[in-house]
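Here's the structure we're looking at; comments come further down.
In this note's numbering, the protein residues as written are 13 to 252.
Structure, rendered in structure tokens:
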């Protein structure tokens with residue numbers, strides 16, 4: 013097994029034993045410690061509203077992409093930094109992310125390969141006095157939005173590029189209709205630059221749709237490869 017935890021003294025290490033026990037008993041691949049705020053001062057929130065909102069946004073986006081509600085693999089705290097993994101999870105995970113995006117990628121990997129995962133509530137404490145968080149509400153908000161954009165583009169490329177194709181195709185038709193009406197009435201094309209733009213947009217729409225089909229096949233092959241690597245390792249179990 014492998015354990016990761018943020019080094020800011022906010023997570024409850026005493027909960028690690030129960031997380032390990034659950035992973036072994038249920039033969040899971042990942043157990044996530046869902047943060048439950050613990051603070052002696054009720055008026056002092058452990059983490060800010062902006063961060064809580066960003067967590068909900070990215071969690072909802074991932075739930076929609078992977079249809080978590082129907083698969084019953086629901087993550088409520090997508091950005092938790094307290095996790096336990098099986099060996100086969102770690103050996104099949106391509107760690108390419110940096111910063112807090114790594115937590116999102118950890119969940120995406122589990123959902124891609126349909127791994128057995130679970131969340132359990134764990135206490136989440138205030139940072140020690142004198143320490144400062146490296147998180148920035150607005151800067152990290154932009155990074156969260158960019159992360160969601162990349163997830164849609166890489167995990168659901170056919171849907172993502174089909175939306176682009178529909179948008180540019182519709183825009184092309186809007187520009188082309190007045191030109192077509194004028195041509196049918198007069199036999200002339202008075203706005204040649206607009207006609208060229210309309211044609212270019214329609215070509216771009218078709219290219220986007222074809223790119224989506226190709227990338228969907230590439231994504232499927234990538235997932236299948238990771239799945240085979242994942243299955244090459246044994247299921248975690250409790251030693252007798």
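Where is the CB? At the ideal position from N, CA and C, for every residue including glycine.
Exposed unless 16 or more other CB atoms sit within 10 angstroms - verdict on residue i
| i | result |
| --- | --- |
| residue 222 | exposed |
| residue 89 | buried |
| residue 41 | buried |
| residue 139 | exposed |
| residue 107 | exposed |
| residue 83 | Note that residue 83 has pLDDT 43, beneath the 50 cutoff, so the model's placement of it is unreliable and the number below is only indicative. Exposed, because fewer than 16 other Cβ atoms sit within 10 Å of the Cβ of residue 83. |
| residue 19 | exposed |
| residue 101 | buried |
| residue 159 | buried |
Residue i versus residue j - alpha carbon distance
| i | j | result |
| --- | --- | --- |
| residue 16 | residue 181 | 47 angstroms |
| residue 219 | residue 233 | 21 angstroms |
| residue 33 | residue 235 | 29 angstroms |
| residue 237 | residue 132 | 30 angstroms |
| residue 98 | residue 175 | 37 angstroms |
| residue 191 | residue 66 | 45 angstroms |
| residue 248 | residue 27 | 19 angstroms |
| residue 96 | residue 179 | 43 angstroms |
| residue 199 | residue 208 | 17 angstroms |
| residue 53 | residue 22 | Residue confidence for residue 53 is low, a pLDDT of 46 falling below 50, so the modelled location carries little weight and cannot support an answer. |
| residue 135 | residue 168 | 35 angstroms |
| residue 76 | residue 165 | 14 angstroms |
| residue 103 | residue 240 | 11 angstroms |
| residue 177 | residue 105 | 32 angstroms |
| residue 64 | residue 216 | 39 angstroms |
CB-CB length for residue i against residue j, believed under 8 angstroms
| i | j | result |
| --- | --- | --- |
| residue 115 | residue 91 | 5 angstroms |
| residue 125 | residue 242 | 5 angstroms |
Under the three-state DSSP convention, the category residue i falls into
| i | result |
| --- | --- |
| residue 23 | strand |
| residue 128 | coil |
| residue 45 | strand |
| residue 65 | helix |
| residue 95 | strand |
| residue 17 | strand |
| residue 164 | helix |
| residue 169 | helix |
| residue 248 | coil |
**Start-end ranges of the alpha helix (DSSP H) lying completely within the region 171-218, minimum 4 residues** = As far as the region 171-218 is concerned, it has no whole alpha helix (DSSP H) run of at least 4 residues.
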